[in-house]
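So the protein sequences, as listed, match chains A and B. Numbering of the first sequence is given in the UniProt record's numbering, commencing with residue 1 and proceeding in unit increments. Numbering of the second sequence is given in the UniProt record's numbering, commencing with residue 1 and proceeding in unit increments. Even glycine gets a Cβ: it sits at the ideal position worked out from N, Cα and C. To start, the structure under review is shown below, and the notes come after it.
Protein chains: 2
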Amino acid sequence: MSVTKEQPNVESQAIAAKKAAKTLSLLSTEEKNEALHILADTLEKNTEVILEANEVDLQAGREKGYDTAYMDRLALSKERIFDFADGLRQVAKLEDPTGNILSNWTLDNGLLVEKVTVPLGVIGMIYEARPNVTVDATGLALKSGNAIVLKGGSSALSSNKAIVQVMHEALKETKIPQEAVQFIASTDREATQQLFTMKEHIDVLIPRGGGSLINAVVNNATVPVLETGVGNCHLYIDVEADVEKALNILVNAKTDRPAVCNALETAIIHEGWLEKNRDVLVKTLQEYGISVHGDETALSYIPNSVLANEEDWANEYLSLDLAVKTVSNVEEAIDHIEAYGTKHSEAIVTENKATAKTFMSLVDASALYHNASTRFTDGGALGFGAEIGISTQKLHARGPMGLPALTTVKFMMSGNGQTR
Amino acid sequence: MSVTKEQPNVESQAIAAKKAAKTLSLLSTEEKNEALHILADTLEKNTEVILEANEVDLQAGREKGYDTAYMDRLALSKERIFDFADGLRQVAKLEDPTGNILSNWTLDNGLLVEKVTVPLGVIGMIYEARPNVTVDATGLALKSGNAIVLKGGSSALSSNKAIVQVMHEALKETKIPQEAVQFIASTDREATQQLFTMKEHIDVLIPRGGGSLINAVVNNATVPVLETGVGNCHLYIDVEADVEKALNILVNAKTDRPAVCNALETAIIHEGWLEKNRDVLVKTLQEYGISVHGDETALSYIPNSVLANEEDWANEYLSLDLAVKTVSNVEEAIDHIEAYGTKHSEAIVTENKATAKTFMSLVDASALYHNASTRFTDGGALGFGAEIGISTQKLHARGPMGLPALTTVKFMMSGNGQTR
Numbered sequence: 001m002s003v004t005k006e007q008p009n010v011e012s013q014a015i016a017a018k019k020a021a022k023t024l025s026l027l028s029t030e031e032k033n034e035a036l037h038i039l040a041d042t043l044e045k046n047t048e049v050i051l052e053a054n055e056v057d058l059q060a061g062r063e064k065g066y067d068t069a070y071m072d073r074l075a076l077s078k079e080r081i082f083d084f085a086d087g088l089r090q091v092a093k094l095e096d097p098t099g100n101i102l103s104n105w106t107l108d109n110g111l112l113v114e115k116v117t118v119p120l121g122v123i124g125m126i127y128e129a130r131p132n133v134t135v136d137a138t139g140l141a142l143k144s145g146n147a148i149v150l151k152g153g154s155s156a157l158s159s160n161k162a163i164v165q166v167m168h169e170a171l172k173e174t175k176i177p178q179e180a181v182q183f184i185a186s187t188d189r190e191a192t193q194q195l196f197t198m199k200e201h202i203d204v205l206i207p208r209g210g211g212s213l214i215n216a217v218v219n220n221a222t223v224p225v226l227e228t229g230v231g232n233c234h235l236y237i238d239v240e241a242d243v244e245k246a247l248n249i250l251v252n253a254k255t256d257r258p259a260v261c262n263a264l265e266t267a268i269i270h271e272g273w274l275e276k277n278r279d280v281l282v283k284t285l286q287e288y289g290i291s292v293h294g295d296e297t298a299l300s301y302i303p304n305s306v307l308a309n310e311e312d313w314a315n316e317y318l319s320l321d322l323a324v325k326t327v328s329n330v331e332e333a334i335d336h337i338e339a340y341g342t343k344h345s346e347a348i349v350t351e352n353k354a355t356a357k358t359f360m361s362l363v364d365a366s367a368l369y370h371n372a373s374t375r376f377t378d379g380g381a382l383g384f385g386a387e388i389g390i391s392t393q394k395l396h397a398r399g400p401m402g403l404p405a406l407t408t409v410k411f412m413m414s415g416n417g418q419t420r
Numbered sequence: 001m002s003v004t005k006e007q008p009n010v011e012s013q014a015i016a017a018k019k020a021a022k023t024l025s026l027l028s029t030e031e032k033n034e035a036l037h038i039l040a041d042t043l044e045k046n047t048e049v050i051l052e053a054n055e056v057d058l059q060a061g062r063e064k065g066y067d068t069a070y071m072d073r074l075a076l077s078k079e080r081i082f083d084f085a086d087g088l089r090q091v092a093k094l095e096d097p098t099g100n101i102l103s104n105w106t107l108d109n110g111l112l113v114e115k116v117t118v119p120l121g122v123i124g125m126i127y128e129a130r131p132n133v134t135v136d137a138t139g140l141a142l143k144s145g146n147a148i149v150l151k152g153g154s155s156a157l158s159s160n161k162a163i164v165q166v167m168h169e170a171l172k173e174t175k176i177p178q179e180a181v182q183f184i185a186s187t188d189r190e191a192t193q194q195l196f197t198m199k200e201h202i203d204v205l206i207p208r209g210g211g212s213l214i215n216a217v218v219n220n221a222t223v224p225v226l227e228t229g230v231g232n233c234h235l236y237i238d239v240e241a242d243v244e245k246a247l248n249i250l251v252n253a254k255t256d257r258p259a260v261c262n263a264l265e266t267a268i269i270h271e272g273w274l275e276k277n278r279d280v281l282v283k284t285l286q287e288y289g290i291s292v293h294g295d296e297t298a299l300s301y302i303p304n305s306v307l308a309n310e311e312d313w314a315n316e317y318l319s320l321d322l323a324v325k326t327v328s329n330v331e332e333a334i335d336h337i338e339a340y341g342t343k344h345s346e347a348i349v350t351e352n353k354a355t356a357k358t359f360m361s362l363v364d365a366s367a368l369y370h371n372a373s374t375r376f377t378d379g380g381a382l383g384f385g386a387e388i389g390i391s392t393q394k395l396h397a398r399g400p401m402g403l404p405a406l407t408t409v410k411f412m413m414s415g416n417g418q419t420r
């Protein structure tokens with residue numbers, strides 16, 4: 001592979017990260033925690049530098065005409081930077097996920113077997129605009145003894161560069177080698193693609209962003225991927241659903257933060273319930289400004305709703321739009337979720353325990369809710385302390401991923417000459 | 001996709017498996033165990049039919065001039081079939097890996113959170129000649145509540161077909177739908193490749209076989225893969241190694257079963273130890289018929305050895321050949337393993353605890369041994385009861401994989417209307 005000046009040597013960065021990961025893996029919990037505090041303090045001290053760099057990104061964003069939501073994710077402030085720092089201090093408080101003996105036993109021949117948690121090694125983080133990921137992911141990686149290679153979105157390049165520069169300065173005062181945090185400054189697509197196949201040097205890729213970014217990584221990477229989630233979440237309102245619970249949960253899941261992955265996208269409503277509770281449902285939908293895209297039966301009950309098409313069932317709205325599917329039993333609801341769900345978060349509202357059990361057993365998703373809002377699928381809300389993402393895959397880690405998702409195990413055998 | 005008569009409809013088989021997996025996931029442990037016993041009894045009763053079908057494969061193998069080792073893996077006997085049946089009865093005795101509540105807690109708002117183990121769903125098993133995999137993998141899949149799609153090697157087609165037919169007959173007498181066990185009878189490459197991308201219907205692919213099969217699956221599949229292992233295993237004999245332990249372990253790891261993945265391929269020997277123990281080492285190597293491919297220093301000590309090249313360091317011999325690398329400290333040994341190891345099983349012999357600790361901490365592999373043979377990396381030897389393979393990857397499962405590797409988790413939340 002020839003490397004020109006325009007193409008930064010991504011491979012040499014990954015190799016440096018791998019080497020630094022070894023040093024990092026030998027540090028004590030205290031040494032890692034101390035480093036996280038120094039990172040936090042140094043970020044706070046360098047707020048001005050980071051905000052100046054952020055202004056460059058914001059200016060470019062304004063010129064490109066990015067929408068308000070996008071600009072909001074991009075924008076930093078003194079308060080946000082202090083929040084990043086506090087986040088690092090929170091991570092320092094969490095239990096070290098490495099060095100835990102998950103199980104141990106002694107064979108009849110005296111061989112001691114220990115299954116011990118160890119860092120994965122090098123984490124490749126591929127993400128979009130949010131500069132907070134630069135700090136959050138670094139904190140979680142370092143706490144779990146992993147080096148990290150960061151590849152942020154080009155629209156936050158100046159902000160991310162400044163943040164990493166500050167973190168590198170801070171690391172000088174710690175036992176963690178600066179090389180444990182690598183930032184790919186190239187905005188070249190090729191730089192990202194190089195990460196996809198660097199199995200020798202990178203142990204796992206974590207994409208954070210929209211569906212197209214995640215699919216690009218999943219479909220092209222030979223490095224193992226922790227797939228984080230697109231959430232096409234459903235709420236099934238059963239014929240035996242309590243009206244107040246159903247409406248509260250619907251409103252909360254749909255309107256609390258419509259743009260997040262655990263927000264509600266489709267309500268599946270039992271026809272019997274709909275017939276009985278049409279008026280209060282319609283009133284609630286209007287009150288909260290929820291626009292309905294329904295099937296024909298739904299349309300006949302809900303005024304101002306439009307006919308749903310295949311797209312409506314399959315995609316996330318991430319807005320106050322809501323697809324409404326009517327069914328005549330729980331099995332039809334389960335079939336609809338099987339066809340269109342993304343295995344993220346699915347909820348049922350019913351007072352019938354047997355119906356709830358059928359739903360919870362047969363729906364294939366990382367998080368199932370009986371009489372509660374899908375919004376709880378979140379490391380913070382569930383008490384994990386910190387979250388690297390929400391996995392929608394089944395292998396390794398499923399659902400909200402805390403620090404343990406960034407570890408693997410070693411079987412450590414100690415003997416006195418045992419042979420087989 | 002158009003389907004002709006020549007191309008069996010692999011997709012429809014996978015869809016049928018997915019459907020059957022739902023029924024299977026609702027069965028009790030007792031119902032699954034009973035089914036395993038019925039499968040075992042029926043296999044024993046149908047020994048003749050299976051042996052006749054096996055003879056077709058053996059005849060074809062003889063005509064193609066397969067080597068003895070290959071023919072041995074292919075050949076069945078009454079005893080072997082009874083062993084398969086006993087294997088199923090052993091699996092019935094193992095703890096059900098599903099339905100375990102790994103952790104549970106209640107949020108301040110009263111929401112009960114349970115993290116529960118559940119089947120993966122549908123397992124795609126892609127394997128080479130050994131017909132025992134057809135039975136073993138089916139038993140492990142069914143016990144863990146998973147449907148299975150079997151794609152065996154073409155040289156065992158007749159045997160596998162007969163075994164699956166017998167198992168299908170047996171399943172009629174059980175609560176498990178026949179469709180939970182699918183066998184891809186096509187020997188077409190395309191049939192295998194269809195499995196690679198069937199993310200909608202297959203939850204995980206497990207390749208069992210040589211390096212080229214495993215690489216083909218890992219590099220081309222978009223379905224998640226449980227990578228099972230090529231083992232280029234090393235034994236580091238430190239300057240402070242006990243002579244008897246070192247030689248016993250070397251002989252055991254190299255000669256007990258040279259063709260398996262946990263067999264020794266390269267001995268890394270400290271020059272100081274080599275100088276002191278040359279005579280007894282040479283005598284031992286000769287006694288056990290071990291052929292040495294060494295670096296220049298090794299050659300100067302060990303008569304009849306040949307110079308090792310890059311291939312010798314990188315590949316598995318799976319024979320009585322042994323690569324010998326000399327080093328002057330543990331760090332050089334670790335670097336050599338880092339460069340050439342396959343992250344399977346690595347051992348150190350030393351009486352120095354600090355040296356052992358350095359080795360065990362810094363070598364990146366699924367199983368590390370201090371003063372014991374690499375041959376213990378095996379589900380049976382470690383007491384797992386049964387093994388679906390030895391994972392050399394870091395995500396999901398690492399090292400010998402028992403039944404829990406065939407499960408994932410669901411977060412099950414029960415509330416009374418909680419919103420966020």
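Endpoints, the beta strand (DSSP E) within which Asp321 of chain B is located | Asp321 to Val327
Span of the beta strand (DSSP E) around Glu240 of chain A | Premise fails: Glu240 of chain A is in no beta strand (DSSP E) and is neither H nor E.
So what does DSSP say about Ile202 of chain B, is it helix, strand or coil?
-> coil
Identify every residue that forms a DSSP beta bridge with Thr252 of chain B.
-> Note that residue 252 of chain B is Asn in the sequence shown, not Thr. In the DSSP output, where bridge partners are listed per residue, Asn252 of chain B has none listed.
Within 8 Å (strictly less), CB to CB, does Pro224 of chain A reach chain B?
-> yes
Roughly how many angstroms separate the alpha carbons of Arg278 of chain A and Ala75 of chain A, rounded to a whole number?
-> 43 Å
Let me know if Ile101 of chain A comes out buried or exposed under the rule of 16 or more other beta-carbons within 10 Å of its beta-carbon.
-> exposed
CB of Lys93 of chain A within 8 Å of CB of Thr47 of chain A, strictly | no
Paired residues, beta bridge with Ala267 of chain A - DSSP = A:Leu235 and A:Val324
Neighbouring residues, chain A, relative to His396 of chain B (Cβ below 7 Å) | Leu395 and His396
How many angstroms separate the CA atom of Val113 of chain B from the CA atom of Val327 of chain A?
-> 28 Å
Would you mind reading off the limits of the beta strand (DSSP E) that contains Gly294 of chain B?
-> Ser291 to Gly294
Cutoff 8 Å: Thr408 of chain B Cβ touching any chain A Cβ = yes
Label Trp105 of chain B either buried or exposed according to how many other C-beta atoms from any shown protein chain fall within 10 Å of its C-beta, with 16 as the threshold for buried.
-> exposed
Delimiting residues of the beta strand (DSSP E) encompassing Leu120 of chain B = Neither: Leu120 of chain B is in no beta strand (DSSP E) and is coded neither H nor E.
Along the chain, which unbroken stretches of the beta strand (DSSP E) at least 3 residues long are found entirely within the segment 154-212 of chain A?
-> 181-183 and 204-208
Proximal residues of chain A, C-beta to C-beta of Ala367 of chain B below 7 Å | Phe411 and Met413
Chain-order list of residues whose beta-carbon lies under 6 Å from that of Gln7 of chain B (same chain, five-residue window excluded) | Residue placement at Gln7 of chain B is flagged as unreliable, the pLDDT there being 49, under the threshold of 50; the coordinate-derived value follows with that caveat. Closer than 6 Å at Cβ, skipping near neighbours: no residue.
Taking only beta-carbon atoms, is Gly121 of chain B less than 8 Å away from chain C?
-> Among the protein chains of the structure shown, namely A and B, there is no chain C.
Taking C-alpha atoms, which residue in A:Asn54, A:Asn109, A:Asp41 and A:Thr42 lies nearest to Gln418 of chain A?
-> A:Asn109
Euclidean distance between Cα positions of Lys343 of chain A and Pro400 of chain A = 13 Å
Quick one: does Glu287 of chain A have its CB under 8 Å from some CB of chain B?
-> no
What do you get for Thr4 of chain A, buried or exposed, if any count of 16 or more other CB atoms within 10 angstroms of its CB means buried?
-> Confidence at Thr4 of chain A is low in this model, with a pLDDT of 44, below 50, so its placement is unreliable and the value that follows should be read with caution. Counting Cβ neighbours within 10 Å, Thr4 of chain A comes out exposed, since fewer than 16 surround it.
Give a yes or no on whether the minimum CB-CB distance between Lys32 of chain B and chain A is below 8 Å.
-> no
Tell me, which residues are paired with Trp105 of chain B by DSSP?
-> B:Val113
Going straight from the alpha carbon of Tyr236 of chain B to that of Phe359 of chain B, what length do you get?
-> 9 Å
Reference Ala263 of chain A; option with closest CA among A:Asp41, A:Thr377 and A:Leu140 = A:Thr377
Going by other Cβ atoms of all chains shown within 10 Å of its Cβ, with 16 needed for buried, is Val197 of chain B buried or exposed?
-> Looking at the sequence itself, residue 197 of chain B is Thr, so the reference to Val does not match. So Thr197 of chain B ends up on the exposed side.
Count the other C-beta atoms from every protein chain shown that fall within 10 angstroms of the C-beta of Val10 of chain B, then say buried if there are 16 or more, exposed otherwise.
-> buried
Please confirm if the segment 24-40 of chain B is in contact with the segment 51-70 of chain B, defined as three or more CB-CB distances below 8 Å between the two stretches.
-> no
Close Cβ partners of Thr138 of chain B (< 6 Å) along its chain, the five nearest in sequence each way excluded | Ile148 and Val181
Option nearest Ala53 of chain A by Cα separation, candidates A:Gln165, A:Val363, A:Gly379 and A:Gly87 | A:Gln165
Closest by CA to Ile15 of chain B, which one among B:Ile123, B:Asp136 and B:Val49?
-> B:Ile123
To the nearest angstrom, report how far apart Met314 of chain A and Ser361 of chain B are at their CA atoms.
-> The residue you asked about is not Met; residue 314 of chain A is Ala in the sequence shown. Approximately 47 Å, taken between the alpha carbons.
From which residue to which residue does the beta strand (DSSP E) around Gly399 of chain A run?
-> Gly399 to Met401
Best match in B:Ile126, B:Glu44 and B:Glu30 for proximity to Ile206 of chain B [C-alpha to C-alpha] | B:Ile126
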